[in-house]
Every structure is written in structure tokens, then in C-alpha cells.
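Structure first, then comments.
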Amino acid sequence: MEPVLSAPVGPDESRSLLDAAHDRFCRTGVKRSTTADVAKLAGLSRITLHRRFATKDALFEQVVRREFRRYFDRFAADVSKAETVQDRVVEGFAGSLRAIRDNPLIGGLMSTEPDAVLPSVLFDGGRTLAVVRQFVAGRLRAEQRAVARRFLVPMLEPPRTP
766 MEPVLSAPVG
776 PDESRSLLDA
786 AHDRFCRTGV
796 KRSTTADVAK
806 LAGLSRITLH
816 RRFATKDALF
826 EQVVRREFRR
836 YFDRFAADVS
846 KAETVQDRVV
856 EGFAGSLRAI
866 RDNPLIGGLM
876 STEPDAVLPS
886 VLFDGGRTLA
896 VVRQFVAGRL
906 RAEQRAVARR
916 FLVPMLEPPR
926 TP
């Protein structure tokens with residue numbers, strides 16, 4: 766039995782819980798997974814899991830949020846390879862569809878358990894949508910700066926004389 770006054774859950778334990786939950790949710794779905802299953806897969810106690818994630822829904826929300834962060838990193842890398850704004854829009858759109866379809870957690874659950882994914886994205890108090898909004902706003906600001914550097918800055922420089 767785990768002592769009542771044990772140390773708080775650290776980042777390594779949180780990561781291994783998220784990894785185990787991701788693996789379990791991908792293999793058996795959210796509905797058929799329990800926190801006991803996830804804790805066992807992570808090699809930790811259920812009490813340790815619940816110290817970090819109060820409910821299975823809270824755990825699932827964090828797993829989904831981590832998938833979004835991974836997607837954002839991949840999106841930024843893919844889009845940065847495109848040379849024009851138009852190519853970045855096309856790559857961003859097509860890459861987003863591929864990323865969702867090919868993601869074993871999000872894509873898999875969207876087809877088998879959409880009622881598990883959608884509430885975690887839409888009804889989590891706006892936290893997931895806020896992350897998406899911040900990401901998109903950051904990308905748009907970067908595009909605006911790039912356009913300004915390319916077109917406006919040269920217009921403001923004094924003409925060069927031979």
C-alpha cells in the first residue's frame with residue numbers, strides 16, 4: 766500500500782502516465798480504459814495517477830492537449846518549408862487533414878468514439894480552443910512580419926545611388 770504522505774507526482778511520472786494513457790486509449794479506446802489500467806501500464810499506483818489527474822476525463826484531456834502540441838510542432842516545421850504564403854496555406858490545410866487522419870489517438874477516436882474526443886476539445890472551458898487560437902494567432906503574426914520585411918522595409922529604405 767502506498768503511504769498517504771508520499772512525494773508529489775513529478776514530471777517523469779506525469780509523462781509516463783500520459784504515455785501509458787495514450788497507448789491504452791489508442792489500443793482499447795477511452796470508454797473501455799480505466800485509470801487502473803493506465804496506472805498499471807505506467808508502472809505506478811492508481812493513487813499516484815489520481816494525485817496528478819483527478820478523473821479519467823482530466824487525464825484524457827491532457828493526452829489530447831499533448832497531441833495538439835505535437836501537431837503544432839509538426840505543423841510549424843512542415844509549413845516553414847513552403848516558400849510562399851499560398852504554399853504555406855495549402856500545406857497547412859492539407860497537413861492538418863493528414864495529421865488528424867493519421868494520428869492514432871485523434872484520428873482513431875474520431876472514427877470510433879467521436880463522443881470522447883469532441884467534448885474534450887469543445888467543452889473543456891475553452892482551454893483547448895485557446896491553445897489552438899494562440900497557435901494560429903502566432904503563426905499569422907509571423908506571416909505578417911515576413912510580408913512586412915519582404916515588401917514594406919525595402920520601400921522605406923532610401924534609394925541607393927551608384
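In my numbering, the protein residues as written are 766 to 927. Note that the Cβ used here is the ideal one computed from N, Cα and C, for glycine as well.
Distances from the alpha-carbon of residue 871 to those of 914, 836 and 779 put 836 closest. For residue 869, the closest alpha carbon among the candidates 791, 828, 904 and 808 is that of 791.
With the rule of 3 Cβ pairs closer than 8 angstroms, the stretch 858-865 counts as touching the stretch 827-841. Straight through space, the alpha carbons of residue 817 and residue 859 are spaced by roughly 36 angstroms. Taking all protein chains in view, the Cβ of residue 807 is crowded by 16 or more other Cβ atoms within 10 Å, so the residue is classified as buried. In the three-state reduction of the DSSP assignment, residue 795 falls in the coil class, being assigned neither a helical nor a strand state. In the structure shown, residue 813 adopts helical secondary structure according to DSSP, grouped into three states.
Taking all protein chains shown into account, residue 845 has fewer than 16 neighbouring C-beta atoms within 10 Å of its C-beta and is therefore exposed.
Distance from the CA atom of residue 786 to the CA atom of residue 852, rounded to whole angstroms, is 36 angstroms. By the neighbour-count criterion, in which a residue is buried when 16 or more other Cβ atoms sit within 10 angstroms of its Cβ, residue 925 is exposed. With contacts defined as CB atoms closer than 8 angstroms, residue 803 and residue 782 qualify as a contacting pair. Secondary structure note for residue 864: its alpha helix (DSSP H) is the uninterrupted segment 850-867. Relative to the Cα of residue 805, the nearest Cα in the group 880, 778 and 823 belongs to 778.
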